[in-house]
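Protein chains: 2
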Amino acid sequence: LQSIDFLITNLAQGNYASLARAITMVENELPGYDYLLRNLPTNRNTPVIGITGPPGAGKSTLVNSLLQALVSKHKVAVLSVDPSSPFNLGALLGDRIRMSEFYLHPNVFIRSLASRGALGGVCAKLIEILEVVQQANFDYIFAETVGVGQSELDIAGIANTTCVVMVPEAGDEVQTMKAGIMEIADIFIVNKADRAEADTFVRNLTSLVHDNTSEWAVPVLKCVATKHVGTAEVIEAIVKHTHFLITSDRKIQLLVDKVFHLVQAQRMRNVHRSDIGEKIRTQLSQGNFNLYGLVDSLV
Amino acid sequence: LQSIDFLITNLAQGNYASLARAITMVENELPGYDYLLRNLPTNRNTPVIGITGPPGAGKSTLVNSLLQALVSKHKVAVLSVDPSSPFNLGALLGDRIRMSEFYLHPNVFIRSLASRGALGGVCAKLIEILEVVQQANFDYIFAETVGVGQSELDIAGIANTTCVVMVPEAGDEVQTMKAGIMEIADIFIVNKADRAEADTFVRNLTSLVHDNTSEWAVPVLKCVATKHVGTAEVIEAIVKHTHFLITSDRKIQLLVDKVFHLVQAQRMRNVHRSDIGEKIRTQLSQGNFNLYGLVDSLV
């Protein structure tokens with residue numbers, strides 16, 4: 007435990023090797039990980055910015071452009087969350103090639119997180135890892151979803167500020183996507199905004215956003231991430247939203263979700279899919295499988 | 007409880023009014039809902055077919071075309087699952103207008119399910135509702151995701167057969183989407199396949215699918231759902247996959263996920279977000295908020 011106290015001290019000094027070790031510890035639930043999480047100072051409030059949106063919207067390119075704009079003056083962490091597949095535990099895409107120019111930059115820490123495969127467990131793990139990253143003196147932490155994007159809404163429940171990245175082609179889909187997206191987005195970013203359809207798309211999106219009567223006016227920002235156009239405005243909006251959160255009830259909602267996920271993960275800690283599988287196989291072979299019988303025996 | 011036994015009897019006779027009442031009971035956790043679920047006969051094996059894919063791929067139109075092909079000889083249930091938003095509890099989109107021509111057909115039962123808003127709770131609720139629907143003598147049950155599509159992978163863990171619907175435009179995204187989608191898809195359906203880019207897209211997708219070494223060879227099917235072209239082949243593939251499942255280990259995996267979600271929902275039953283919110287507000291105002299302190303007190 008002394009070595010973990012030492013790790014925590016190094017974390018607070020922004021030591022990347024210690025940070026990487028602490029993340030691995032939490033990710034794999036190595037011995038001492040409980041102690042680590044419970045002994046982190048809780049006074050850090052680094053903004054966590056979720057970058058989400060459909061595949062192909064240019065999320066990675068946008069993050070790259072944000073890094074480009076920030077790294078000279080700020081320390082930035084990027085977590086790439088790969089929802090992967092529930093049937094392929096721990097699969098790691100992790101080819102964050104487009105970001106590689108910043109891999110070695112002293113102000114940048116980049117880490118790919120594979121989904122642990124557990125439906126419902128990904129959120130808790132991400133929350134735990136973010137608690138660790140928040141200790142390491144970053145000015146911004148970006149959590150970017152990679153791949154299919156089914157965890158869009160999940161990330162939104164964890165990030166302080168959720169940026170939804172879209173491309174103009176999706177124009178006729180705005181109406182379809184309204185339901186969920188409208189409510190998770192704190193900031194809309196229309197990437198590849200140099201395309202012909204961009205203005206119509208931005209106009210449609212803006213009119214939908216203005217139907218929203220919440221206390222935060224969701225901005226719709228145009229950018230061309232490959233050319234670093236519009237990136238400054240995105241950063242400005244992120245800073246503005248961070249200030250907004252200080253007085254907002256949304257902050258409480260984020261904490262509630264955090265607590266809920268962590269409680270759920272703890273309560274389910276002794277329930278293992280492999281054990282359930284064994285029980286089901288046995289019961290099926292004995293001809294006495296009963297869904298709720300098994301559920302009740304595990305509750 | 008006698009009235010619930012009566013409800014179960016009527017369900018087994020395929021009475022739609024009873025089915026609707028039973029679903030409402032489970033959806034809203036009305037008194038007796040536990041008794042209902044625990045007293046359903048467990049011998050039903052109606053295939054549950056998940057229809058998922060990005061917004062605009064034509065999922066509803068495909069379901070409509072499947073209904074058109076099936077209803078003369080088969081009883082079909084359609085559940086439209088609207089993931090809605092975690093911040094907008096119980097919101098119901100539910101404008102299943104495109105399917106309205108079958109609303110009154112005696113062989114069709116259509117129901118929109120709003121997300122209960124609880125992250126992690128949607129799966130358990132859907133599983134419970136499917137248990138009920140499976141009692142009512144259907145030949146096919148379709149569970150279609152509506153809206154943003156963040157629950158794609160969740161549905162995949164619940165359906166016996168997961169159909170992923172895509173459109174040719176997504177051509178250059180095939181590679182991006184590979185990770186998650188490849189592994190949840192039991193059947194790929196390329197809709198709007200009369201478009202120019204369709205053949206290239208199908209070829210790309212097929213070559214990716216063939217990299218897969220699982221025991222089930224995932225078919226890539228072309229269709230034009232608006233014109234009922236290719237629908238018969240989709241049904242054929244669904245039937246083939248249903249037969250495949252009988253001898254596959256995938257069936258056990260589906261049961262494991264079911265049990266896991268139901269256990270999780272039960273274990274979290276007494277944890278309410280509103281209570282957590284109250285506790286956080288109190289602790290913040292007293293200046294003694296501690297994340298893991300609160301988590302541990304609730305575990």
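From first to last, the protein sequence lines are chains S and B. Under my numbering, residue 305 is the last one in the first sequence; the count climbs by one each step, no gaps. Under my numbering, residue 305 is the last one in the second sequence; the count climbs by one each step, no gaps. We put the CB at the ideal spot given by N, CA and C, even for glycine.
- B/Gly20 and B/Asn143 have their C-alpha atoms some 6 Å from each other.
- Shortest Cα-Cα distance from S/Arg44 to any of S/Leu268, S/Ala243, S/Asn296 and S/Asn294 involves S/Leu268.
- Taking a C-beta distance under 8 Å as the contact criterion, S/Asn166 and S/Ala63 do not qualify as a contact pair.
- Here B/Leu7 is not near B/Phe115, since their CB atoms are 8 Å or more apart.
- Its chain contains Val226 as the residues whose beta carbon lies nearer than 8 Å to that of B/Thr212, once the 5 sequence neighbours on both sides are disregarded; these appear in chain order.
- Chain S has a Cβ within less than 8 Å of the Cβ of B/Phe266.
- Taking every protein chain shown into account, the CB of S/Gln140 has 16 or more other CB atoms within 10 angstroms, so this residue is buried.
- From the listed residues B/Leu73, B/Leu297, B/Pro112 and B/Trp222, the smallest Cα separation to B/Ala231 is found for B/Leu73.
- For B/Leu46, there is no enclosing beta strand (DSSP E), as DSSP gives it neither H nor E.
- Neighbourhood of S/Gly283 in chain B, by CB distance below 7 Å: Ile258 and Val262, in chain order.
- Nearest to B/Asp11 by C-alpha distance, out of B/Glu203, B/Leu42 and B/Tyr22, is B/Leu42.
- A straight-line Cα-Cα distance of about 23 Å links B/Lys79 and B/Glu137.
- Listed in chain order, the non-local C-beta contacts of B/Ile244 below 6 Å within the same chain comprise Ile55 and Thr167, local neighbours out to five positions each way being set aside.
- Only exposed fits S/Arg209, as fewer than 16 other CB atoms lie within 10 angstroms of its CB.
- By the Cβ-count criterion, B/His247 is buried, with 16 or more other Cβ atoms from all chains shown falling within 10 Å of its own Cβ.
- For S/Phe207, the uninterrupted alpha helix (DSSP H) run begins and ends at Ala204 to Val215, by DSSP.
- For S/Leu25, the uninterrupted alpha helix (DSSP H) segment begins and ends at Tyr22 to Glu33.
- Any Cβ of chain S closer than 8 Å to the Cβ of B/Ile252 would place that residue at the interface, and such an atom is absent.
- The beta carbon of B/Phe250 sits closer than 7 Å to the beta carbons of Trp222 from its chain, once the five residues preceding and following it are set aside; these are given in chain order.
- Listed in chain order, the positions of the stretch 18 to 47 of chain S with a beta carbon within less than 7 Å of a beta carbon of chain B are Leu43 and Arg44.
- Residue contact check for S/Arg287 against chain B: a CB pair falls below 8 Å.
- In the displayed model, S/Glu221 falls within coil according to three-state DSSP, outside both helix and strand.
- B/Ser66 and S/Gln259 have their C-alpha atoms spaced approximately 33 Å apart.
- Considering only beta carbons, the part of the stretch 131 to 148 of chain B lying closer than 8 Å to chain S consists of Glu137, in chain order.
- Contact check for S/Glu33 against S/Ile135 passes: the beta carbons are separated by less than 8 Å.
- Per DSSP, S/Gly299 lies in no beta strand (DSSP E) segment; the continuous alpha helix (DSSP H) that holds it begins and ends at Leu297 to Leu304.
- Residue-level contact check: S/Arg117 does not touch chain B, since none of the beta carbons of chain B fall below 8 Å from its beta carbon.
- Residue pairing from DSSP places B/Phe148 in a beta bridge opposite B/Ile55 and B/Val84.
- The continuous stretches of beta strand (DSSP E) do not include S/Leu73, which lies in the alpha helix (DSSP H) extending over residues Lys65 to Leu76.
- Cα atoms of B/Ile252 and B/Lys264: separation of roughly 17 Å, rounded to the nearest angstrom.
- Identification of chain B residues near S/Leu300 by a Cβ-Cβ cut-off of 7 Å yields Val265, ordered along the chain.
- In this structure B/Leu36 is exposed. Its beta-carbon is surrounded by fewer than 16 other beta-carbon atoms within 10 angstroms.
- Put simply, the CB of S/Leu297 is near chain B, with a gap under 8 Å to one of its CB atoms.
- Straight across, the Cα-Cα distance linking S/Gln270 with B/Asp302 is about 11 Å.
- Counting only runs of 4 or more residues that sit fully inside the stretch 219 to 278 of chain S, the alpha helix (DSSP H) segments are 237 to 252 and 256 to 273, in chain order.
- Annotation: Cβ neighbours of B/Val305 in chain S (cutoff 7 Å, chain order): Val269, Gln272 and Arg273.
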